[in-house]
Every structure is written in structure tokens, then in C-alpha cells.
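Residue numbers for the sequence shown, in the numbering used here: 330 to 460.
By construction, the Cβ of each residue, glycine as well, lies at the ideal position given by its N, Cα and C atoms.
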Amino acid sequence: MDSKIIHAACMGAAVTVIVTGVAIIKQERNRIYIPREPRINAIAQREFYIDSILNRGDRHCVEQIHMKPVILYRLCDVLTSRDLLRSTQNVSIREQVIVFLQIVGQNKRFVLLVVYIIGLLKLSIVTLELF
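What follows is the structure in C-alpha cells.
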């Protein structure tokens, strides 16, 4: 008699597991999935932002970073040639300089400091004209 009870208990447990599995599968199939937002390519976004500053005209560039794009490129060349800045895996020299100039440009008294530093670079380099 014990083997019949054990067999019935095992069958009941197996049926319960199967019914629970079927219920879970049905519930998952009827579940409404909310699609995830696509991943943002941060590098492409940063490059687009930098290009939007530099390529919208000299006036816009001066309003954003207080210098013309030509001068910015020359400044980047000077900083690179003197080994004062290096590109990293994540940030280019151009981006580093633009971010620095935007942060410093937030406060007008720091703008004078940047102009002074650029003036010192101009005095020390005879072959390149920064202005």
C-alpha cells in the first residue's frame, strides 16, 4: 500500500510541476514587453557636438569657445608639437581644448586668462601666427 501512495504522490507532484510550467510559459507569452531604448553612441554624439561648434561659422564658434576655428586648430597643433597634450582612447586633443575653453569661458575673468596664455604662446612661437 505504501508504494501506491508514493506513486500517487510522485504523479501528483509531476502533474503540479507540469501545470505550473505551462502556466508560467503562457503568462510570459502574454506579457507586454516594453522595448529598450537603443544604445547611444557617445563618441559619435560628442563628435557631432564638436563639429556643430566648429562648422556653424566663425561667429558661433567665437560665441562658444571665444576663438575662431582656425586659431583652435593652430592651438591644438602647438599643444601637440610641444607634447603638452595627448589624445587618449576616449578624448581627442581638439575635444579636450574645446571643453577646457567652454569651462573657462563660463566666467568672463577666466577668458582674459586664456587670452593671456594664448598671447604667451604667440610670443614664444615666431613661425606660427595664432591670431
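In three-state DSSP terms, what is ILE353?
It is helical.
Alpha carbon to alpha carbon, how far is LEU404 from PHE391? Give it in angstroms, no decimals.
Note on identity: in this sequence residue 391 is Val, with Phe being the wrong assignment. The straight-line gap from Cα to Cα measures roughly 14 Å.
Find out if the Cβ-Cβ distance for the pair ILE394, ILE382 is shorter than 8 Å.
Their beta carbons are under 8 Å apart, which means ILE394 touches ILE382 by this criterion.
Over what stretch of residues does the alpha helix (DSSP H) that includes ASP406 continue unbroken?
Element bounds for ASP406: 398 to 410.
Output yes or no for whether 8 Å exceeds the beta carbon distance between LYS397 and ASP387.
Yes. Within cutoff.
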